[in-house]
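Line order of the protein sequences matches chains X and S.
Heads up: the first sequence at position 135 corresponds to 515 in the numbering used here, and the numbers run straight through without jumps.
Heads up: the second sequence at position 71 corresponds to 538 in the numbering used here, and the numbers run straight through without jumps.
In what follows, a single structure is set out as structure tokens and then discussed.
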Amino acid sequence: MRYSALQILKQGLTGNKGWTPAWREPEPRTEYDIIIIGGGGHGLATAYYLAKEHGITNVAVLEKGWLGSGNIGRNTTIIRSNYMLPGNEPFYELSMKLWEGLEQDFNYNAMISQRGILNLCHSDPQRDAYARRGNAMLMAGADAVLLDADGVRKLCPDMDFDNARFPIKGGLWQKRGGTVRHDAVAWGYARGADERGVDIIQNCEVTGLQINNGVCTGVDTTRGKISAKKVAVCVAGSSSRVMSMAGMRLPIESHVLQAFVSEGLKPTIPGVVTFGAGHFYISQSDKGGLVFGGDIDGYNTYAQRGNLPTVEDVCEGGMALMPNLGRARLLRMWGGVMDMSMDGTPFIDKTDISGLFFNGGWCYGGFKATPASGWCYAHLLATDQPHETATQLRLDRFKRGRMIDEKGVGAQPNLH
Amino acid sequence: MIIHHPLLGPRDAAEFVYLGDASLINRPDASADDAAEQFYEYQYLRDNVAGEMRELWYHEQGDRSWLVVTRNTLTHEISKVELARDVARANGRDR
């Protein structure tokens with residue numbers, strides 16, 4: 381069923397009895413062309429683009445829990461393409477362009493709101509670094525504006541501009557950045573994939589990979605064996621656990637990132653704002669809640685919860701940037717498990733095992749990448765060649781000395 | 468998380484800096500024929516276990532000793548804390 385204003389009118393006049401489920405709940409078949417492990421944002425996007433762009437519909441998405449129960453529902457919903465390095469920025473800009481056309485493309489309201497993202501700077505060298513980043517963004521076809529303090533003041537008058545230690549000197553403004561209704565992204569992709577014939581199978585945990593003589597031929601699941609010509613792993617947060625079934629060790633550690641939401645307030649900040657002197661970012665949801673976060677906790681964990689020292693650190697950053705934040709009450713906080721890679725950059729690649737593909741290592745930047753991740757992964761699965769924007773996102777880049785280290789901190793996952 | 472430091476007693480984890488898997492103590496032999504491969508695996512690949520893990524914590528805001536902490540990555544429960552020095556010596560290292 382196509383969603384439209386006319387459809388709402390029609391259903392409204394007929395007692396809303398004609399709405400159908402957004403996707404089926406099929407039983408798993410014994411064989412597929414492609415199995416995607418992980419029914420999160422990236423897995424569902426991959427299935428959607430495989431069906432829509434490449435015409436491959438004999439596909440199953442296997443999800444351990446319920447659809448979209450992982451990080452697609454636990455993030456802070458920010459989209460942006462303000463990266464710098466050549467191996468990264470074109471990929472994220474592709475993602476931004478896909479976001480811009482997404483709702484029309486998959487006929488689902490994802491509440492994409494391009495209210496802009498502002499990275500604040502607090503010193504002259506930091507402003508210079510942002511000028512360089514802005515130029516790199518422009519060269520990749522993205523948008524960027526370098527603002528001075530007055531420019532920032534017009535956007536966000538309530539910040540602590542004259543902070544003694546970290547005065548606000550200006551900022552890098554990407555107008556096309558913003559926020560998206562995160563769950564709707566999973567639902568929209570799921571509905572679009574299902575409509576085209578993809579089987580989305582929930583409550584179906586993969587317990588083993590069938591690998592013989594270096595060829596992956598299928599998976600063992602809690603709902604039986606399923607064969608496939610290609611198996612595509614897409615389980616960021618649990619990548620090491622799944623890939624260990626193939627005997628692989630990854631350049632990834634799992635860490636927890638916490639996020640916070642305040643009570644609903646009247647509009648107080650225009651888009652997304654990041655503090656440049658500490659790790660703190662904040663936006664305001666459509667319901668009025670301030671959505672914010674900061675650093676990962678910094679130790680390996682698979683528990684979807686963090687500890688209080690990080691909460692304190694995030695709140696200190698927030699108070700330094702927006703002292704009025706102290707009057708808002710915190711409504712909720714939660715944690716999500718991140719694949720932290722060794723250079724802070726993800727992977728979309730084949731493995732040494734024929735028929736086994738890997739997508740992961742998204743650190744805490746996976747949400748904004750959802751459309752491009754699905755687009756490029758589908759391209760790789762369909763054509764056996766990496767997409768032109770993802771040629772650098774390879775598993776062997778550390779061996780070849782071709783890391784993509786935006787932050788320049790080296791092989792220390794908890795610092796990325 | 469409270470880390471029971473073998474010398475200083477219970478300390479808040481916020482006083483520590485986290486490095487990662489305790490296997491980082493065992494630096495590969497640089498003169499081995501396959502040293503490049505060994506160093507690649509040492510530097511970049513991780514077991515990333517879900518469950519009990521031995522890991523290196525540095526007491527930066529304290530006595531600056533390195534500890535090997537045995538902690539469950541599913542529950543954050545800490546079951547054992549040793550001085551990294553003792554662990555390295557037990558493995559035959561001189562310091």
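All residues carry an ideal CB built from backbone N, CA and C; glycine is no exception.
Classify Gly604/X: buried if its beta carbon has 16 or more other beta carbons within 10 angstroms, exposed otherwise.
With fewer than 16 other CB atoms across the displayed protein chains lying within 10 angstroms of its CB, Gly604/X is exposed.
Terminal residues of the continuous beta strand (DSSP E) containing Ile545/S?
First-last of the beta strand (DSSP E) with Ile545/S: Ile545 to Leu550.
Mind checking who Tyr503/X pairs with in its DSSP beta bridge?
Note that residue 503/X is Ser in the sequence shown here, rather than Tyr. Partner(s): none; Ser503/X has no beta bridge.
Sequence-distant residues of the same chain with beta carbon closer than 7 angstroms to His543/S, five excluded per side:
Met468
Contact criterion: CB-CB distance below 8 angstroms. Does Tyr679/X meet it with respect to chain S?
Cβ-Cβ to chain S under 8 angstroms: yes for Tyr679/X.
Short check: CB of Cys743/X to CB of Gly724/X, under 8 angstroms?
yes
8 angstroms is my cut-off, CB to CB: does Met699/X come that close to chain S?
no
Name the chain S residues whose beta carbon is nearer than 9 angstroms to that of Ala616/X?
The premise fails here: Ala616/X is roughly 12 angstroms from chain S at the closest Cβ pair, so nothing lies under 9 angstroms.
With burial defined as no fewer than 16 other Cβ atoms inside 10 Å of the residue's Cβ, what is the status of Leu386/X: buried or exposed?
exposed
Whose CA, out of Gln765/X, Val599/X, Gln684/X and Ala431/X, lies closest to the CA of Gly450/X?
Gln684/X
Three or more C-beta pairs under 8 angstroms: does that hold for the region 517-534 of chain X against the region 413-426 of chain X?
no
If we cut at 8 angstroms on Cβ distances, does Phe672/X have a partner in chain S?
The beta carbon of Phe672/X does not come within 8 angstroms of any beta carbon belonging to chain S, so the residue lies off that interface.
Taking a cut of 7 angstroms between CB atoms, which residues from the region 489-507 of chain S lie near chain X?
Tyr507
Residues of chain X with a CB under 9 angstroms from the CB of His543/S: which are they?
Tyr679, Thr681, Ala683, Arg685 and Asn687
So, Leu500/X versus Gly445/X, is the Cβ gap smaller than 8 angstroms?
Taking 8 angstroms as the Cβ cut-off, Leu500/X and Gly445/X do not qualify as a contacting pair.
Taking Gln484/X as the reference, give the member of Tyr569/X, Ala791/X and Met713/X with the closest Cα.
Tyr569/X
Are the Cβ atoms of Ala481/S and Val535/S separated by less than 8 angstroms?
Going by C-beta atoms, Ala481/S is not nearer than 8 angstroms to Val535/S.
Leu512/S: contacting residues in chain X (beta-carbon distance under 8 angstroms):
What Leu512/S touches in chain X: Arg629, Leu630 and Pro631.
Inspect the beta-carbon positions of Ala708/X and Ser642/X and report whether they are closer than 8 angstroms.
yes
Interface residues of chain S around Met368/X at Cβ under 7 angstroms?
As displayed, chain X neither begins before 381 nor continues past 796, which places residue 368/X out of reach and without an answer.
For Leu526/X, which residues does DSSP report across the bridge?
Leu552/X
When you compare only the Cα positions, how much space is there between Ser734/X and Tyr757/X?
16 angstroms
Report yes or no: do the region 580-588 of chain X and the region 650-666 of chain X share at least 3 C-beta pairs separated by less than 8 angstroms?
no
For Gly716/X and Asn455/X, the rounded distance between their alpha carbons:
7 angstroms
Per-residue contacts from Glu522/S into chain X (C-beta, under 8 angstroms)
Tyr679 and Asn680
With Ser475/X as the anchor, note down where its beta strand (DSSP E) starts and where it stops.
First-last for Ser475/X: Glu469 to Phe486, but that is the alpha helix (DSSP H), not the beta strand (DSSP E).
Tell me the rounded alpha-carbon separation between Ala557/S and Leu523/S.
Just so you know, the alpha carbons of Ala557/S and Leu523/S end up roughly 16 angstroms apart.
For a contact meaning CB atoms closer than 8 angstroms, what does Arg782/X contact in chain S?
Correct list: empty, because the minimum Cβ distance to chain S is about 12 angstroms.
Residues that Phe778/X contacts on chain S, provided the C-beta gap is smaller than 7 angstroms
Going along chain S in sequence order, the residues near Phe778/X (Cβ under 7 angstroms) are Tyr507 and Tyr511.
First and last residue of the uninterrupted beta strand (DSSP E) at Cys614/X
Gly604 to Cys614
Assuming His635/X and Met713/X are in contact, meaning their beta carbons sit under 8 angstroms apart, how far apart are those beta carbons, in whole angstroms?
Rounded, the Cβ-Cβ distance is 16 angstroms, inconsistent with contact.
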